[in-house]
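Numbered according to the UniProt record's numbering, the sequence shown spans residues 1 to 168. All remarks here apply to the structure that follows.
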Amino acid sequence: MLRQRGATIYAEFLGGSFTCDAYHMTEPHPEGTGITLCIEKALADSGVTREEINYVNAHATSTQSGDLKEYEAIVRCFGQNPQLRVNSTKSMTGHLIGAAGGIEAVACIQAIRTGWVHPNLNLENPEKVVDVGVLVGAEKERCEVKVALSNSFGFGGHNSSILFAPFK
């Protein structure tokens, strides 16, 4: 139907997952289990392998506990993928509360459409355990996105991970 009316298709929604770990009102589980489970279920729902993901738009609210647990979950899920690029839209917009996930999904689709991933602004002192090699720096970067993962996590352990890819 979209093609019949001449619409441009910017990306394809591959699938996703919603989980609720209910560990704590504002903190993720110390092992990041709810985050990891959400990402793994999104991969299963979409039929995408871990190796196909090369871009993650992280929830990353600039909190020590939340950002580190999300990073650890990303490493647990994707290992040492040298092609993986990770950024956070919130570094440029701040936290848009209920609109954050929607804006971050648009950022993923724009990355797919343009071949550019936006920078991580104001990232000056990452935790020592973080491999900064996977993080997009202070400048936008070229990236031919194969599959993009967008994470959104909320109070009470509400987790969402969705996947997009170029439309074929």
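Don't be surprised by glycine CBs; every beta carbon is placed ideally from N, CA and C.
Thinking C-alpha only, which one of T61, T33, I35 and G15 is nearest T49?
-> Position 49 of the sequence shown, counting from 1, holds the residue named residue 49. Cα-wise, what sits closest to T49 is G15.
Is the beta carbon of N81 sitting closer than 9 Å to the one on I39?
-> For the purposes of this step, residue 81 is identified with residue 81 of the sequence shown, where counting begins at 1. For the purposes of this step, residue 39 is identified with residue 39 of the sequence shown, where counting begins at 1. Going by C-beta atoms, N81 is not nearer than 9 Å to I39.
Looking at C-alpha atoms only, which residue of N120, I74 and S46 is the closest neighbour of S88?
-> Within the sequence shown, numbered from 1, the residue matching residue 88 stands at position 88. Comparing Cα-Cα distances from S88 to each of N120, I74 and S46, the minimum goes to N120.
Run through DSSP, which three-state label would F167 get?
-> For the purposes of this step, residue 167 is taken as residue 167 along the sequence shown, with counting starting at 1. Annotated three-state conformation of F167 is coil, per DSSP.
Three-state class that DSSP yields for I53 in the structure shown | Looking up residue 53 in the sequence shown gives position 53. Looking at I53 - three-state DSSP - the assignment turns out to be strand.
Measure the C-alpha to C-alpha separation of E27 and H158 and round it to an integer number of angstroms.
-> Here residue 27 corresponds to residue number 27 of the sequence shown, with the count starting at 1. Here residue 158 corresponds to residue number 158 of the sequence shown, with the count starting at 1. E27 and H158: Cα-Cα distance of roughly 11 Å.
Determine the closest residue to T114 out of V145, C77, A99 and A105, with distance taken between C-alpha atoms.
-> In the sequence shown, residue 114 corresponds to position 114, counting from 1. Nearest option by C-alpha distance: V145.
On a CA-only basis, which of G133, E12, F153 and I74 is nearest L96? Give me that one, please.
-> In the sequence shown, the residue the question calls residue 96 occupies position 96. Checked all of G133, E12, F153 and I74; the closest Cα to L96 is F153.
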